[in-house]
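A short write-up of the structure that comes next.
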Amino acid sequence: MADQTSFVRDGFERVSTAFERLPDEFQRVQREIQKRRRTFERQLAGGRRDLGKRTREIEKRTRRQVQRVRSELGRLPLARRIEQLRGEAERVAVRGVDLVLGALQIASKQDLDRIDRKLGQVSRKLKEMERSRGNGHSASA
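Take this note's numbering: the last position of the sequence shown gets the number 182, and nothing is skipped along the way.
So, in structure tokens, the structure goes:
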């Protein structure tokens, strides 16, 4: 029983010590944050031209890091499988939408695009016919 009391007392003392150190630790973290903020503000105050240059550098660095992460993710088998599943899901969704639109007798975007291309072809042919017809009339008059 004395061992349990000792164990509880030791645990309580550790927790008490940790709570006593919390304000000091909090102040240390707060000072570090303020130091970083001041450093960042000095960098920003370096002038607009410097700011623009730094912004471009940060953007460039960020793009490189994003590209690196993308390429690393692309090598993972799980990422490749996810991409396959996404493609399959997209194909299934498109087929489903096409079936619903067909059942409701509504033209899909692909149908409208195809019709638009055909109308464009017909329109060009009509213009060509009008031009050739106009040239034929002016030559005979």
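The beta carbon of each residue, even a glycine, is placed where N, CA and C say it ideally should be. The model shown is predicted, which means the values in this text are computed figures rather than measured ones.
Three-state class that DSSP yields for residue i in the structure shown
i	result
Ile-147	coil
Ala-120	helix
Ala-86	coil
Ala-180	Model confidence at Ala-180 stands at a pLDDT of 49, short of 50, so the residue's coordinates are unreliable; what they give is reported in the following sentence. Note: Ala-180 maps to helix in three-state DSSP.
8 angstroms Cβ cutoff met for residue i and residue j
i	j	result
Gln-106	Arg-95	no
Leu-140	Ser-149	no
Leu-126	Ala-120	no
Sequence-distant residues of its chain with Cβ nearer than 8 angstroms to residue i (five each side left out)
i	result
Pro-118	none
Neighbourhood of residue i by C-beta, 6 angstroms cutoff - its chain only, sequence neighbours within 5 removed
i	result
Ser-173	none
Sequence-distant residues of the same chain with beta carbon closer than 7 angstroms to residue i, five excluded per side
i	result
Gly-93	none
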